[in-house]
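Here is the structure we will look at.
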Amino acid sequence: MINMNDIMETITMIQEENLDIRTITMGISLLDCCDGDIDRSCQKVYDKIYRCAKDLVKTGEDIEKKYGIPIVNKRISVTPIAMLVGASGGDPVKYAKALDKVAKEVGVNFIGGYSALVQKGFSPGDKALIESIPRALAETDFVCSSVNIGSTKTGINMDAVKLMGGVVREAAELTKDNQCIGAAKLVVFCNAPEDNPFMAGAFHGPGEPDCVINVGVSGPGVVRSALAKMPEDADLTEVADKIKKTAFKITRVGQLVGTEASQRLGVPFGIIDLSLAPTPAIGDSVAYILEEIGLEQCGAHGTTAALAMLNDAVKKGGVMASSNVGGLSGAFIPVSEDAGMISAARAKTLSIEKLEAMTAVCSVGLDMIIIPGDTTPEVISAIIADEAAIGMVNSKTTAVRVIPAVGLEEGEELDFGGLLGNGPVMKLNTKSPAKMINRGGRIPAPLQSLKN
3 MINMNDIMET
13 ITMIQEENLD
23 IRTITMGISL
33 LDCCDGDIDR
43 SCQKVYDKIY
53 RCAKDLVKTG
63 EDIEKKYGIP
73 IVNKRISVTP
83 IAMLVGASGG
93 DPVKYAKALD
103 KVAKEVGVNF
113 IGGYSALVQK
123 GFSPGDKALI
133 ESIPRALAET
143 DFVCSSVNIG
153 STKTGINMDA
163 VKLMGGVVRE
173 AAELTKDNQC
183 IGAAKLVVFC
193 NAPEDNPFMA
203 GAFHGPGEPD
213 CVINVGVSGP
223 GVVRSALAKM
233 PEDADLTEVA
243 DKIKKTAFKI
253 TRVGQLVGTE
263 ASQRLGVPFG
273 IIDLSLAPTP
283 AIGDSVAYIL
293 EEIGLEQCGA
303 HGTTAALAML
313 NDAVKKGGVM
323 ASSNVGGLSG
333 AFIPVSEDAG
343 MISAARAKTL
353 SIEKLEAMTA
363 VCSVGLDMII
373 IPGDTTPEVI
383 SAIIADEAAI
393 GMVNSKTTAV
403 RVIPAVGLEE
413 GEELDFGGLL
423 GNGPVMKLNT
433 KSPAKMINRG
443 GRIPAPLQSL
453 KN
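Numbers 3 to 454, taken from our numbering, label the letters of the sequence shown in order.
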């Protein structure tokens, strides 16, 4: 039976507390687009994506109108393009331009999958694609890229880690006249999930169906509002329970939208990623949730513990609301996209060292962090290696998306606009890790990888 209180509560969540569906992402397999001729392969890629996704944006808009639920982004993820490059050879940037062209044609916000999976080594096509990433991101508007350099099962490919430090740096340099945006569209993963709907790290894993709809929900403002209504003396068990119940409600909205989109588009419903994804809008912040729990400012001692509780409660509430929970599912901490974290970074309460500690217990990793423009490739590689080690040892997804602000120093700011936000250049430890990074090789998988 429909409960009027539940209806009014949902309306309040949408109108006053920034509840939205952050993305509906169509995953499309391109394995049947492999061809020995790169031009024929690119045409097959364009044709298949257009055929599958031509109604995606309209469907999202129709569902918005029907239920009054904002669907902020409509996106596409595809098979890692390195797999196609391995078959076709040629300049991988041709694929990036084909992806960009079809993304514009169908009207999506981003298309992800200019990616390579090199956690244990390089196969044909991988190195060529990775080396082309800076140029691909500079010469396209909507293409996003990701590289998986490690996993709990395989260890960390340090040759790939070394390579990616230079790639991140070059991606920023080639787009320095556009706020170094290239680096903001590039993620380096350990334990990358194959069904992540969120950009810039989304790709359609080789084990996924031919075509699928994945949904990413959001709602940090809803959680913060729920906690603000609790008594000041509520203990942390009660706080965790409130977060869990709120996450349940948020996830049910995602389940509704995902089911409807699946039926309208005639493709399977994949997963709901119930990550709390902040935006620069005031009130739509994960940092503000942590402060509502009881911290003076995000980054203070206690931040990691509060974030661990938040992340766990979100997962528990979500899995009770849907059997389709997947992707990353937890709490994101992208500095430039979160108003509370931007404030904490400006106040120097939040440091990159504290953020690294937080990544051990949250959904992803060091995300949307602006670093000094003179940061060396070796330091960037070392940041990636540290974060990958946390993911590998803890059997969780971790990632790095740092933006070298070319020409800027600590304290100056970049402004990407929109959902990517803005923020200050954060201080880094500049002692050189070059000798370690240049050793290359592989950090072996940890003992906990042997689970059979």
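For every residue, glycine included, the Cβ atom is placed at its ideal position computed from N, Cα and C. All of these numbers come straight from a predicted model, not from anything done at the bench.
What does the alpha-carbon distance come out to for the pair residue i and residue j?
| i | j | result |
| --- | --- | --- |
| Cys44 | Asp212 | 18 angstroms |
| Val427 | Ala162 | 26 angstroms |
| Leu58 | Pro270 | 14 angstroms |
| Ser148 | Ala230 | 37 angstroms |
| Asp41 | Ser125 | 21 angstroms |
| Ile245 | Gly319 | 8 angstroms |
| Ala390 | Lys68 | 42 angstroms |
| Phe334 | Ala401 | 11 angstroms |
| Lys350 | Ile371 | 13 angstroms |
| Lys398 | Glu358 | 14 angstroms |
| Met3 | Thr261 | Interpretation of Met3 is limited by its pLDDT of 41, a score under 50 that renders its predicted location unreliable; the figure taken from the coordinates is listed afterwards. Near 20 angstroms, if we compare the C-alpha coordinates of Thr261 and Met3. |
| Ala387 | Gly123 | 15 angstroms |
| Ile354 | Leu278 | 21 angstroms |
| Val190 | Arg403 | 7 angstroms |
| Ser153 | Gly88 | 22 angstroms |
| Gly419 | Gly413 | 18 angstroms |
| Thr305 | Lys356 | 9 angstroms |
| Val259 | Met360 | 31 angstroms |
| Pro282 | Gly38 | 45 angstroms |
| Leu165 | Ala384 | 11 angstroms |
| Val395 | Tyr52 | 40 angstroms |
| Gly375 | Met232 | 44 angstroms |
| Val316 | Gly218 | 14 angstroms |
| Leu188 | Glu240 | 39 angstroms |
| Val346 | Cys300 | Here residue 346 is Ala; the residue named in the question, Val, does not match the sequence. Ala346 and Cys300: Cα-Cα distance of roughly 6 angstroms. |
| Thr432 | Leu86 | 38 angstroms |
| Gly209 | Ile132 | 22 angstroms |
| Gly296 | Ala228 | 14 angstroms |
| Val108 | Lys56 | 5 angstroms |
| Ile9 | Val255 | Unreliable positioning characterises Ile9 in this predicted model, as indicated by a pLDDT of 47, which lies under 50. A coordinate reading is not provided. |
| Thr248 | Gln265 | 27 angstroms |
| Met438 | Gly367 | 22 angstroms |
Which class does residue i belong to by DSSP, given the choice of helix, strand or coil?
| i | result |
| --- | --- |
| Cys44 | helix |
| Ala333 | strand |
| Leu165 | helix |
| Gly62 | helix |
| Ile9 | Confidence at Ile9 is low in this model, with a pLDDT of 47, below 50, so its placement is unreliable and the value that follows should be read with caution. Reduced to three states, the DSSP call for Ile9 is helix. |
| Met428 | coil |
| Met3 | For Met3, the predicted structure reports a pLDDT of 41, less than 50, and the residue's modelled location is therefore unreliable. A value from the coordinates is still provided. Looking at Met3 - three-state DSSP - the assignment turns out to be coil, as it is neither helix nor strand. |
| Phe250 | helix |
| Ala118 | strand |
| Ile158 | strand |
| Pro72 | coil |
| Ile110 | The residue you asked about is not Ile; residue 110 is Val in the sequence shown. Three-state result, Val110: coil. |
| Glu389 | helix |
| Pro374 | strand |
| Leu421 | helix |
| Gly29 | strand |
| Ser434 | coil |
| Ile442 | Ile is not the amino acid found at residue 442; the sequence shown has Gly there. Coil. |
| Leu452 | coil |
| Ala140 | helix |
| Asp369 | strand |
| Gly328 | coil |
| Cys54 | helix |
Quick one: what's got a C-beta closer than 6 angstroms to residue i's C-beta in the same chain, skipping five residues either side?
| i | result |
| --- | --- |
| Lys46 | Cys35 |
| Arg226 | Tyr290, Ile291, Glu294 |
| Asn326 | Ile273, Ile274 |
| Asp22 | Pro72, Val74, Ser220 |
| Asp286 | Asn20, Pro222, Gly223, Pro280 |
| Lys429 | Glu412 |
| Val80 | Ile30, Leu32, Gly115, His206 |
| Ala100 | Cys44, Val47, Tyr48 |
| Gly127 | Ala84, Val87, Gly88 |
Leaving out the 5 sequence neighbours to the left and right, which residues in its chain are closer than 7 angstroms to residue i when beta-carbon positions are compared?
| i | result |
| --- | --- |
| Asn313 | Gly332, Ala333, Val363, Cys364, Ser365 |
| Asn198 | Ala204, Asp275, Gly329, Leu330 |
| Glu18 | Only weak support is given to the placement of Glu18: the predicted model assigns it a pLDDT of 48, under 50, and the value that follows is read from those uncertain coordinates. Here the set comprises nothing. |
| Ile392 | Thr361, Ala362, Thr400 |
Spatial neighbours of residue i within its chain, please: C-beta separation below 8 angstroms, excluding the five flanking residues on both sides.
| i | result |
| --- | --- |
| Pro136 | Val169, Glu172, Ala173, Glu175, Leu176, Gly184 |
| Ile151 | Val120, Gln121, Ile158, Asn159, Ala162, Val163, Met166, Val190, Phe191, Cys192, Ile386, Ala390 |
Legend entry - Residue ranges of each beta strand (DSSP E) within the stretch 201–244, 3 or longer: 213–219
Inset, instruction - Spell out a yes or no on whether the stretch 197–204 and the stretch 110–121 are touching, meaning 3 or more CB-CB pairs, one atom from each, closer than 8 angstroms. - result: yes
Inset, instruction - Determine, using beta-carbon pairs with one atom in the stretch 378–394 and one in the stretch 335–342, whether at least three such pairs fall under 8 angstroms. - result: No: fewer than three Cβ pairs fall under 8 angstroms.
Legend entry - alpha helix (DSSP H) segments (min. 4 residues) lying fully within the stretch 335–366: Positions of the alpha helix (DSSP H) runs, each at least 4 residues long and wholly inside the stretch 335–366, are given as 341–348, 354–361 in order along the chain.
Legend entry - the stretch 88–102 / the stretch 130–143 touching (three or more Cβ pairs under 8 angstroms): yes
Legend entry - Contact between the stretch 154–169 and the stretch 431–445 (3+ Cβ pairs under 8 angstroms): yes
Legend entry - In chain order, each beta strand (DSSP E) run of at least 3 residues that lies wholly inside the stretch 258–317: 271–275
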